[in-house]
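Undergrad: Just so you know, the sequence shown maps onto residues 348 to 470 in my numbering.
Each residue gets a CB set at the ideal place from its N, CA and C atoms; glycine is no exception.
Take a look at this one; I'll ask things after.
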Amino acid sequence: MVAVDESEESMYALSWSITNLISDTNNNSKLVLLYVKPPSAVYSLDSAGYIFSNEAIEALEEYSTKLAKSVMKRAEAICRKFDATNINIEKVVGTGEAKNVICNAAKKLEADTLVMGRHYLEV
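Here's what the structure looks like:
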């Protein structure tokens with residue numbers, strides 16, 4: 348299972364996993380691409396106390412869904428680049444806190460390996 352997002356680091360992790368973990372296997376390997384959307388807004392106030400309209404909340408949801416589709420298309424393109432016929436790709440989109448969704452998905456899908464990129468955050 349590879350956790351992907353819009354970052355270059357996650358796409359590199361995907362490429363690395365195909366090259367180093369999957370491409371040498373002779374059997375049909377299953378590769379799960381997992382993208383985690385942030386939790387949906389359950390209230391209409393932001394941290395400053397401003398009220399969001401239903402239209403604004405719906406627009407944020409639509410953006411989040413489009414972003415998930417875009418990331419998955421990009422990840423699939425990377426998989427096709429390697430032209431490995433032994434890879435069966437499954438796309439999974441979860442919603443919630445990334446750390447929880449990733450851990451739960453790995454357990455539920457009985458993933459043998461979990462690969463993730465690392466974001467370099469400046470202090």
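(1) I'd like to check one pair, Lys377 with Glu423: are the Cβ atoms closer than 8 Å?
(2) How about the segment 348-367 and the segment 398-413: do they share at least three Cβ pairs that are nearer than 8 Å?
(3) Short of 7 Å in beta carbon distance, which residues of its chain neighbour Tyr382, apart from the five on each side in sequence? Order them along the chain.
(4) For Ala445, collect the residues of the same chain with a Cβ closer than 7 Å to its Cβ; drop the 5 residues on either side in sequence, then sort them by chain order.
(5) Rounded to a whole number of angstroms, what is the C-alpha to C-alpha distance between Val448 and Lys454?
(6) So what does Ser376 bridge to, in DSSP terms?
(7) So, is the C-beta of Leu361 closer than 8 Å to a C-beta in chain C?
(8) So Ser387 packs on Thr442, CB below 8 Å; how close in whole Å?
(9) List the residues that DSSP assigns as beta-bridge partners of Val440.
TA: Quick look at the numbers:
(1) In this structure, Lys377 does not lie closer than 8 Å to Glu423 by Cβ.
(2) Judged by Cβ distances under 8 Å, the segment 348-367 makes no contact with the segment 398-413, as fewer than three pairs qualify.
(3) The beta carbon of Tyr382 lies closer than 7 Å to those of Val351, Asp352, Ala415, Val418, Met419 and Val440 in the same chain, with the five residues before and after it left out.
(4) Excluding positions up to five away in sequence, the list reads Val383.
(5) If you take the alpha carbons of Val448 and Lys454, they lie about 10 Å apart.
(6) Its beta-bridge partners are Ile434.
(7) Looking for chain C here will not work: only one protein chain is present.
(8) By a beta-carbon distance limit of 8 Å, Ser387 contacts Thr442. Their separation comes to about 7 Å.
(9) When DSSP reads this structure, Val440 sits in a beta bridge with Tyr382.
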